[in-house]
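Numbering of the sequence shown is given in my numbering, commencing with residue 545 and proceeding in unit increments. No residue lacks a Cβ here, since even glycine has one placed at the ideal position from N, Cα and C. Comments concern the structure below.
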Amino acid sequence: NLTKPYEGIVEVVNELYQKGYLLAVLSNKREEYTQQLIAKFFPDIRFVDVIGESDLIPKKPDPTSAKMIADAMMLPLRSVVFVGDSNVDMITAKNANMTAVGVSWGFQDVHTLKDYGMDYYVTEPKDLLDLLRLLNKKE
């Protein structure tokens, strides 16, 4: 009942969606709970996929679910930016050969994320917009 998006996340996700970015959610929390929360807080966003923990797919840091998302997006793995707040997220991104972006507003600190393979780090949700713009210019 107390779960909610971090400040600024809803606005950034909406802006990314409006700009045409393909979005997905990958969580180790139970799938039905994850899908309910996403539907509640992002009712106008059509995510490519929302995957939570289930008996059918191995949990992060196994890359299976991340690769499934890339396949659904029809993108090469290296083109996918995996944003997360934990060492498990950074390991998952690396295991899936994706770009690992750590965030300051979540579970673990920058040093931990860096130790586990983070490629980039953002300190505010709106910084994701600038980072993605920069990464798109590199491709």
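DSSP bridge partner residues for residue i (one or two, in chain order)
| i | result |
| --- | --- |
| valine 647 | Val666 |
| alanine 568 | Asp593 |
| phenylalanine 626 | Ala644 |
| arginine 677 | Paired residues: none, contrary to the question. |
Length of the line joining the Cα atoms of residue i and residue j
| i | j | result |
| --- | --- | --- |
| methionine 617 | valine 624 | 9 Å |
| methionine 642 | leucine 621 | 5 Å |
| valine 627 | isoleucine 601 | 20 Å |
| alanine 640 | serine 609 | 9 Å |
| phenylalanine 585 | lysine 548 | 8 Å |
| aspartate 606 | tyrosine 561 | 27 Å |
| leucine 567 | glutamate 559 | 11 Å |
Close beta carbons around residue i, own chain, < 7 Å, minus the five adjacent residues each side
| i | result |
| --- | --- |
| lysine 603 | Asn572, Glu597 |
| arginine 574 | Gly596, Glu597 |
| methionine 634 | Gly628, Ala644, Gly646, Leu657, Tyr660, Gly661, Met662 |
| lysine 670 | Gly552, Val556 |
Cβ-Cβ separation, residue j to residue i (assumed contact under 8 Å), whole Å
| i | j | result |
| --- | --- | --- |
| threonine 578 | valine 569 | 6 Å |
| tyrosine 664 | valine 645 | 5 Å |
| threonine 636 | serine 648 | Contact flag wrong, Cβ pair sits at about 19 Å. |
Counted within 10 angstroms of its Cβ, other Cβ atoms place residue i as buried (16 or more) or exposed
| i | result |
| --- | --- |
| aspartate 629 | buried |
| leucine 546 | exposed |
| alanine 614 | buried |
| valine 594 | buried |
Contact set for residue i: own chain, Cβ-Cβ below 6 Å, skip 5 residues either direction
| i | result |
| --- | --- |
| arginine 677 | none |
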